[in-house]
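What follows is a single structure, written as structure tokens, with notes after it.
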Amino acid sequence: MPVKLTVVEGATPLDPDTLAGLKPTYLSNQAELDAAEEANILRALNWAGRERGRDLLRLDYVLQLHRRMFGDVWTWAGTWRRRQTNIGVAPATIPERTQALLSDARYWLANTTYDPDELAVRLHHQMVFIHPFANGNGRHTRLLADLLVASLNRPVFSWGGRSLSAPGELRRSYIDALQRADHGDIVPLLAFARS
Ligand SMILES: Nc1ncnc2c1ncn2[C@@H]1O[C@H](COP(=O)(O)OP(=O)(O)O)[C@@H](O)[C@H]1O
Ligand SMILES: [Mg+2]
Numbered sequence: 145m146p147v148k149l150t151v152v153e154g155a156t157p158l159d160p161d162t163l164a165g166l167k168p169t170y171l172s173n174q175a176e177l178d179a180a181e182e183a184n185i186l187r188a189l190n191w192a193g194r195e196r197g198r199d200l201l202r203l204d205y206v207l208q209l210h211r212r213m214f215g216d217v218w219t220w221a222g223t224w225r226r227r228q229t230n231i232g233v234a235p236a237t238i239p240e241r242t243q244a245l246l247s248d249a250r251y252w253l254a255n256t257t258y259d260p261d262e263l264a265v266r267l268h269h270q271m272v273f274i275h276p277f278a279n280g281n282g283r284h285t286r287l288l289a290d291l292l293v294a295s296l297n298r299p300v301f302s303w304g305g306r307s308l309s310a311p312g313e314l315r316r317s318y319i320d321a322l323q324r325a326d327h328g329d330i331v332p333l334l335a336f337a338r339s
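Right, here's the structure in full:
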């Protein structure tokens, strides 16, 4: 039986092809799916901890991190998005846009263009704007930002301190901050990341 999914504001709706990539056969509702993804992400956190010192600003790391976070649950984990979504660039341009962003981030890092928080938050904002994957883009690009600040000896972000997956005021203020960043003002998202 197909899993019934809740539609959350600002979440990428899953098309039938994407849903068909669900690996576990025992899941019957959104809560069970959420829990399976959460367990997968915990294993990915352990993996990322063991892999500390890796170069995070590489395309293969970005793909591998997504596969580690979602690969037990979804067949398409760690592969580029193939469909047009309401958020995100045209699918054909994803690898090139992501590579360009990682090159920018490497330049920012080498030239101390931004402090570590701003570098990581800008990377998060621009990568989630690209929307490289069919789903999990918010969680993946926030974790990438966390790993990046941690690698620069800063504490990981709090991102509002509670789950951003649930609809509500917290998610609304996060999306507002992302939209302000779309319009060139990174300050609200920087503040949100440490709130
Ligand atoms: N209007 C928006 N403008 C920019 N980014 C958005 C917007 N709405 C959602 N996002 C970003 O996209 C993410 C949702 O994408 P999705 O692939 O479903 O990730 P996840 O499954 O981890 O929540 C949000 O967490 C947020 O980072
Ligand atoms: Mg989602």
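Everything in the sequence shown is counted per the working numbering, starting at 145 for the first residue and increasing by one. From the three backbone atoms N, C-alpha and C, an ideal C-beta is built for every residue, glycine too.
| Just how far apart, CA to CA, sit Ile231 and Val272? | 9 Å
| query | Would Ala325 be called buried (16 or more neighbouring beta carbons within 10 Å of its own) or exposed? | reply | buried
| Is it right to say Tyr251 is buried, meaning 16 or more other beta carbons lie within 10 angstroms of its own, or is it exposed? | exposed
| task | Name the residue from Arg298, Asn297 and Ser317 whose alpha carbon lies nearest to the alpha carbon of Arg306. | result | Ser317
| field | Where Gln323 falls, given that 16 or more other Cβ within 10 Å makes a residue buried | value | exposed
| So does Val272 have its beta carbon nearer than 8 Å to some heavy atom of ligand 1? | yes
| Roughly how many whole angstroms lie between the Cα atoms of Thr162 and Asp178? | 16 Å
| Alpha carbon to alpha carbon, how far is Thr257 from Arg298? | Here the C-alpha atom of Thr257 lies approximately 17 Å from the C-alpha atom of Arg298.
| message | Per the DSSP calculation, Asn230 is bridged to which residue(s)? | response | BP columns for Asn230 are empty, so no partner.
| task | Report the residue from Ile238, Asn190 and Leu246 whose alpha carbon sits nearest the alpha carbon of Ala289. | result | Ranking Ile238, Asn190 and Leu246 by CA distance to the CA of Ala289 puts Leu246 first.
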